Each structure stands twice: as structure tokens, then as C-alpha cells.
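One structure below.
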Amino acid sequence: MKQIDYRQYKDDELLDVERNINKQAFPERYKQLCDEISRRKKLGCFNLKPQLKENEFDRDYCRRSEIIFEFSTIPRIC
1 MKQIDYRQYK DDELLDVERN INKQAFPERY KQLCDEISRR KKLGCFNLKP
51 QLKENEFDRD YCRRSEIIFE FSTIPRIC
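This is the structure:
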């Protein structure tokens, strides 16, 4: 099987491959991909967060975010 050089990929491209790779059909490629992502994280040069798939909920974002509710009333003129 042809060796893929994931070192040439940008961070967002690596995440795209991670989301779309068929892990069962290409277990060696998936391991190479994970190894490259791990290598970059250890070096501190991989700062992208995986994007959520449709209908997923980012609980960490909600815990870190401040939600402000503001209510006002409209005076009645009669």
C-alpha cells in the first residue's frame, strides 16, 4: 500500500481526513494519521479543535461561555 506523508498536510486537512477516513478499510493509514496528529500536539504546533459534526453539541463551549439574558418592558400608552 502506498505510504501517505501526512507531514505535508495542514492541520485542518488532517482533521478532515480524520473525520472521513474509513478506519476499517485503511487501519494503517489511520494509525499514521493519528501518529502525525499526536506528534504535532506534543510539539505544541497543533492547535485546531475538531469541528463538530451536524447535530453535535459542544458541552465544553457551553461551560466556558457566559449567557446573558436581558429583558425589557415596553411602556403602554393608553
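Under my numbering, the residue at position 45 of the sequence shown is numbered 45, and the numbers go up by one with no gaps. Where is the CB? At the ideal position from N, CA and C, for every residue including glycine. None of the values given here were measured: they were computed from a predicted structure.
Is residue 75 helix, strand or coil by DSSP? coil
Which stretch, first to last residue, makes up the alpha helix (DSSP H) that contains residue 31? 27-43
Please state whether DSSP places residue 13 in a helix, a strand or coil. helix
Using CA coordinates, which residue listed in 31, 19, 12 is at the minimum distance from residue 4? 31
Quick one: using the 10 Å Cβ neighbour count with 16 as the cut-off for buried, is residue 77 buried or exposed? exposed
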